[in-house]
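Heads up, the thing below is written out as structure tokens.
In the working numbering, the protein residues as written are 3 to 80.
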């Protein structure tokens, strides 16, 4: 029973981040499994997990993990 603006405000008040930021972090977290356990391309994984481009995926990945998805895969992958 609240508007999207009220929801966004309450969500940020409770979690410390916006709903969009939470969604991006969730997508990033969910993309770790295919990076580690499959041979799919980084582009394919990025698009499958809701990112508009591999560039935006790489940028956020580097910001959060301090390494590129390819570096992450080489360290943690099979």
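Ideal Cβ placement from N, Cα and C applies to all residues, glycine included.
Using beta-carbon positions only, say whether residue i and residue j come within less than 8 angstroms of one another.
i	j	result
residue 37	residue 79	yes
residue 51	residue 75	no
Grab me the residues of residue i's own chain with a C-beta within less than 7 angstroms of its C-beta, minus the 5 sequence neighbours each way, in chain order.
i	result
residue 17	24
So residue i and residue j are in contact, right, with Cβ under 8 angstroms, and what is the actual spacing, rounded?
i	j	result
residue 60	residue 70	6 angstroms
residue 20	residue 14	5 angstroms
residue 49	residue 26	No, residue 49 and residue 26 are not in contact; Cβ-Cβ is about 14 angstroms, not under 8 angstroms.
Going residue by residue through the stretch 17-51, where are the continuous beta strand (DSSP E) segments of at least 3 residues, counting only ones entirely within it?
none
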